[in-house]
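Trainee: The structure is given below, and queries will be raised subsequently.
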Amino acid sequence: MKKIYSLILLVTVAFSAKAQYTLTSANNAVIGEIEKTWPADTLTPNGLYPAGGTNQIWNYSGIIISPTVSAVSNSYVAVSAAPNASLFSAANIAKTSDNINYELSNNSATSITSYGSSNSSVTIVYQNPELIATLPFTYGTLCTDTYSASYTSNSIPVSRTGTVTTSGDGTGTLNMPGNKNYTNALRVKLQLKQIENFGSAGSQTITVKAYVYFNAASKFSLLSVNVYTVNQISGTTTATFYGKSIDVGDVLFAGIKENTNAANFNIYPNPSSNKEVSVQFNTTANENYELTIYNALGQQVKALHYSNLPLGDQSEKISLSELNSGLYTIKLKSKNHESTKKLVVD
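Per the working numbering, residue 664 is the first one in the sequence shown, and the count goes up by one each step.
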């Protein structure tokens, strides 16, 4: 079941949203961010997949969200945090929900590509990477790809092959519990079939169909609805399992909390000018702040510390003379606040 969860996790967090029904690299997940999703359910599978097309109304106001269920926190970290990170030279970000299992990918200006996964016992490197989507991605965009890997699990050689099709299949209004309605939403449809061949030990085929909803209200998905089938063959024995999952984005619950805990700051100018920028932020308590800059590979390239800052508006000039031109991420963090922003160094 861990493989199923990893596939669904890849679907729900691979993208980030922007208004006008378009997903772009400008809002890709960056190192240091945490995305929370909340498991939900519905009394019946009927209506899980309403119609696609334009000007649709997708009514999920009746889904059940338990207030006692804990959220799943997906952390975006540097590739170096994953076991056997050196095998994923093409990846520039990793994500994990448990600091044990990691998904490695490359989020670039033009595509989102999966390069496999790793933990302390099994490392799966895609010899043929899995292209999730090209960017920008909007209504009518279609992307189809095949992927493959050979790895060893419990001393058994395994061959993995798969196909994935991602399409922007709808735009409209998403209705959620609590009278929360999101207009200008984009729906992304993903269909995946993955086969694990264990040789004489048998095989396993996983199929996933997912609809993921995006809107400018959140960087991450508002809702993901997933149905999956697992077919296992061992000798003359065949077993088939079915399941579904519904994951609700944290924006439905945590808007106030996010605004309270965010270390809101601005970078000016951006892109930088003459290898220098100013970082402007406001302090509400005498705190120590740490500012860290990461390159596109997730490597830390600069770190600054500010101690016992007074209350009020702050403006700190930062020299970027040692940095090459390109895309970077700045993380500003204190004891109670944390936030990240992208920076273009000219």
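No residue lacks a Cβ here, since even glycine has one placed at the ideal position from N, Cα and C.
The ligand GDP heavy atoms versus the CB of Ile694: any closer than 7 Å?
Mentor: Although the ligand GDP was asked about, the structure shown includes no ligands whatsoever.
Trainee: Alpha carbon to alpha carbon, how far is Ser988 from Ser771?
Mentor: Roughly 16 Å separates the two Cα atoms.
Trainee: Whose C-beta lies closer than 8 Å to the C-beta of Thr947 among residues of the same chain, with five residues either side of it excluded?
Mentor: Leu974.
Trainee: Could you name each continuous alpha helix (DSSP H) segment of 4 residues or more that falls completely within the segment 727 to 794, going from the start of the chain to the end?
Mentor: As far as the segment 727 to 794 is concerned, it has no whole alpha helix (DSSP H) run of at least 4 residues.
Trainee: Quick one: what's Ser908 bridged to in DSSP?
Mentor: Asn889, per the DSSP bridge assignment.
Trainee: Could you spell out the range, first to last residue, of the beta strand (DSSP E) harbouring Gly833?
Mentor: 819 to 839 is the extent of the beta strand (DSSP E) around Gly833.
Trainee: Between the alpha carbons of Thr731 and Asp913, how many angstroms are there, rounded?
Mentor: At Thr731 the pLDDT is 46, less than 50, meaning the model places this residue with poor confidence and gives no usable figure here.
Trainee: Answer yes or no: do Cys806 and Thr797 have a C-beta to C-beta separation smaller than 8 Å?
Mentor: In this structure, Thr797 lies closer than 8 Å to Cys806 by Cβ.
Trainee: Among all the DSSP beta bridges, which residues are the ones paired with Ser1002?
Mentor: Ser1002 is bridged to Leu995.
Trainee: So, with DSSP's three-state summary, where would you put Ser881?
Mentor: Coil.
Trainee: Over what stretch of residues does the beta strand (DSSP E) that includes Gln977 continue unbroken?
Mentor: It spans 975 to 982 - the beta strand (DSSP E) in which Gln977 sits, taken as one unbroken run.
Trainee: With Pro799 as the anchor, note down where its beta strand (DSSP E) starts and where it stops.
Mentor: Element bounds for Pro799: n/a, residue is neither H nor E.
Trainee: Would you kindly check if the distance between the Cβ of Asn769 and the Cβ of Ala744 is under 8 Å?
Mentor: Not closer than 8 Å, so no.
Trainee: Can you list, in chain order, the residues of its chain with a C-beta nearer than 8 Å to that of Ser970? Leave out the 5 residues immediately preceding and following it.
Mentor: So the qualifying residues of the chain are Asn951.
Trainee: When you compare only the Cα positions, how much space is there between Ile763 and Ser908?
Mentor: Looking at the two C-alpha atoms, the distance is approximately 22 Å.
Trainee: Among Ser811, Thr846, Ser1002, Val851, whose alpha-carbon lies nearest the alpha-carbon of Arg823?
Mentor: Ranking Ser811, Thr846, Ser1002, Val851 by Cα distance to Arg823 puts Ser811 first.
Trainee: If I measure Cβ to Cβ from Thr786 and keep anything under 7 Å in the same chain, skipping five residues before and after, which residues do I get?
Mentor: If we look at Thr786 and ignore the five residues flanking it on each side, its Cβ neighbours are Pro746, Asn747, Leu750, Tyr814.
Trainee: Suppose the cutoff is 6 Å on Cβ atoms and the five residues either side in sequence are ignored; what does the same chain contact list for Ile858 look like?
Mentor: Closer than 6 Å at the Cβ level, and outside the excluded window around Ile858, lie Thr824, Thr868.
Trainee: For Ala873, count the other beta carbons within 10 Å of its own beta carbon; 16 or more makes it buried, fewer makes it exposed. Which is it?
Mentor: Under this definition Ala873 is a buried residue.
Trainee: Could you check the C-alpha separation between Val827 and His1000 for me, to the nearest Å?
Mentor: One C-alpha to the other measures close to 38 Å.
Trainee: Taking the alpha carbon of Phe944 as the point to measure from, which residue in Lys996, Gln895, Pro840, Gln963 has its own alpha carbon closest?
Mentor: Closest option to Phe944, Cα to Cα, is Lys996.
Trainee: Check Asn860 in the structure and name its three-state DSSP category.
Mentor: Strand.
Trainee: Go to Ala952, then tell me how far its beta strand (DSSP E) extends in each direction, as first and last residue.
Mentor: According to the sequence displayed, residue 952 carries Tyr and not Ala. Tyr952 -> beta strand (DSSP E) spans 952 to 957.
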